[in-house]
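Okay, so here's the structure we're looking at.
There are 2 protein chains.
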Amino acid sequence: MHIKKVRVVQDALDANATIARANRADFDRAGVAVVNLMSAPGSGKTALLEKALHHLDAIEVGVLEGDVQGSFDADRLARLHVSVTQLNTDPGFGGECHLDANMVRSALPSIPLSDLDLLIIENVGNLVCPAEFHVGEDARVMVSSVTEGEDKPLKYPLMFRTCDLVLVNKIDLLPHLDFDLDRFLANLDAVHPGVPHLQVSARTGQGIDAWRDWLVQIVSRRAVPA
Amino acid sequence: MHIKKVRVVQDALDANATIARANRADFDRAGVAVVNLMSAPGSGKTALLEKALHHLDAIEVGVLEGDVQGSFDADRLARLHVSVTQLNTDPGFGGECHLDANMVRSALPSIPLSDLDLLIIENVGNLVCPAEFHVGEDARVMVSSVTEGEDKPLKYPLMFRTCDLVLVNKIDLLPHLDFDLDRFLANLDAVHPGVPHLQVSARTGQGIDAWRDWLVQIVSRRAVPA
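First to last, the sequence lines map onto chains Y and F. The first sequence maps to residues 19 to 244 in the working numbering. The second sequence maps to residues 19 to 244 in the working numbering.
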């Protein structure tokens, strides 16, 4: 008789991948596109969401907010009348520094998936571990602020390599910084050749329309039957 | 016969504390003061070190650079003729997001401890996990840039609560930001009442003398026999 061999799952990332696929199946059933939004602390994820969601009336959006503790960002976004769910990581090992697939899965019963076109998962502010844990998303967007320096793609390559769009934020501050945008973009291209980027400012509104259009396009692409 | 009871060490943080104490004993024997320097990515740790160490001729300083990969910051600091040791965390679980006591211990044979008055450990840029792992330091300094927003003490309370000095960096950018310094300082005081802070700018040099004086004072305090 032919014996089927099953490889034993090897580590935490294998388990994470298994749960991410289960999340993915739920998102597919509900027909919702999912974006994993990541950055360092204070890069402007929430501010860029506030701006993009403000005039995004054509589609139904939900946000899953990941934070070590508190609900500061969720409170800001709730003013926009989008569905916001708060996920705190502090019951973990001293406060987990990232979301993983299982944490996202634990939040799914609180999210009205079938009412949504787009779910945005705002990850914990961190450039290391969030990149290692897929949560079942369609796309990864990372925000990199020009105040953080040109070297960041080289210092945190996994994060920049695994994202589908880079929002170069706080572009309005360029005249006041010793930041070499061309060098940043060259470093980004060295780490992730051809990855698209948008130059944006949550403060002045520069690039926000393009960022909003990108989100709508993610939903449209998803709506086309495979 | 009286039985001595020994509590079994319970978790990774217990193991870390044990190794941190061993590091501490080595630092004591060598008579070196140790500062653990922490911040989010791109807050300006390395730039503030460059400025402070440039005219710090009275004491012998070494730097242990913690990064996921590469030696960009170590290369910058090596130009100052201080002893620089690079510690990369990428052999860990997909790249560790923090230094722990054992990683620091593994670097000690490469550091000329007995020649130093002060060892500065530049941690991995992250506001979560570095706060959880003591490495045997005398003091913790964290850098928080005004570009990161006033809410950071409330969102990452452990980091702000366990530090002995906060460097509020990029203070030269205040006129160009919607950053409320009083609100930031109130949030800081709510999380860590009475913690000292210095308003600094690596770019303009504001506050750098006070930051350098603070480092010298840490060494002086240590040099006084207990």
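A virtual CB, placed ideally from N, CA and C, is assigned to each residue, including glycine.
{"query": "Identity of the residue in Y:Pro214, Y:Leu192 and Y:Pro175 nearest valine 164 (chain Y) by Cα", "result": "Y:Leu192"}
{"query": "CB contact check: threonine 222 (chain F) to chain Y, cutoff 7 angstroms", "result": "no"}
{"query": "Interface flag, cysteine 181 (chain Y) vs chain F, CB-CB below 7 angstroms", "result": "no"}
{"query": "Helix, strand or coil at lysine 155 (chain F) according to DSSP, with G and I counted as helix", "result": "Residue identity differs from the one stated: residue 155 (chain F) is glutamate in this sequence, not lysine. Glutamate 155 (chain F): coil per DSSP, three-state reduction."}
{"query": "Touch test, the stretch 89 to 99 of chain Y against the stretch 147 to 157 of chain Y, Cβ-Cβ under 8 angstroms, three pairs minimum", "result": "no"}
{"query": "One or two residues paired with asparagine 187 (chain F) in a DSSP bridge", "result": "F:Ser163"}
{"query": "Length of the line joining the Cα atoms of asparagine 34 (chain F) and leucine 126 (chain F)", "result": "16 angstroms"}
{"query": "7 angstroms Cβ cut-off: residues of chain F touching asparagine 144 (chain Y)", "result": "Cys115, Asn144 and Val146"}
{"query": "Cross-chain neighbours of lysine 63 (chain Y) in chain F, by beta carbon under 8 angstroms", "result": "Neighbours of lysine 63 (chain Y) on chain F: none; closest Cβ ~11 angstroms, over 8 angstroms."}
{"query": "Given 8 angstroms, three or more beta-carbon pairs between the stretch 134 to 141 of chain Y and the stretch 181 to 201 of chain F", "result": "no"}
{"query": "Separation of lysine 173 (chain Y) from arginine 123 (chain Y), as counted between CA atoms", "result": "30 angstroms"}
{"query": "Short Cβ contact (7 angstroms threshold) for glutamate 168 (chain Y) with aspartate 133 (chain Y)", "result": "no"}
{"query": "Contact set for threonine 180 (chain Y): own chain, Cβ-Cβ below 7 angstroms, skip 5 residues either direction", "result": "Ala149 and Arg158"}
{"query": "Alanine 228 (chain Y) to leucine 71 (chain Y) span [Cα, whole Å]", "result": "12 angstroms"}
{"query": "Beta-carbon proximity check, valine 161 (chain F) vs leucine 185 (chain F), cutoff 7 angstroms", "result": "yes"}
{"query": "Contact check, alanine 220 (chain F) vs lysine 69 (chain F), beta carbons under 7 angstroms", "result": "yes"}
{"query": "Collapsed DSSP secondary structure at alanine 244 (chain F) in the structure displayed", "result": "Note that alanine 244 (chain F) scores a pLDDT of 47, beneath 50, so its modelled location is shaky; the value from the coordinates is reported in the next line. If DSSP states are grouped into helix, strand and coil, alanine 244 (chain F) belongs with coil."}
{"query": "Nearest-angstrom Cα separation, counted from glycine 84 (chain Y) out to histidine 99 (chain Y)", "result": "18 angstroms"}
{"query": "Contact with chain F by leucine 172 (chain Y), beta-carbon distance below 7 angstroms", "result": "yes"}
{"query": "Closer than 7 angstroms to chain Y by CB, valine 27 (chain F)", "result": "Note that valine 27 (chain F) has pLDDT 44, beneath the 50 cutoff, so the model's placement of it is unreliable and the number below is only indicative. So, not an interface residue."}
{"query": "Simplified DSSP assignment, three categories, for glutamate 83 (chain F)", "result": "strand"}
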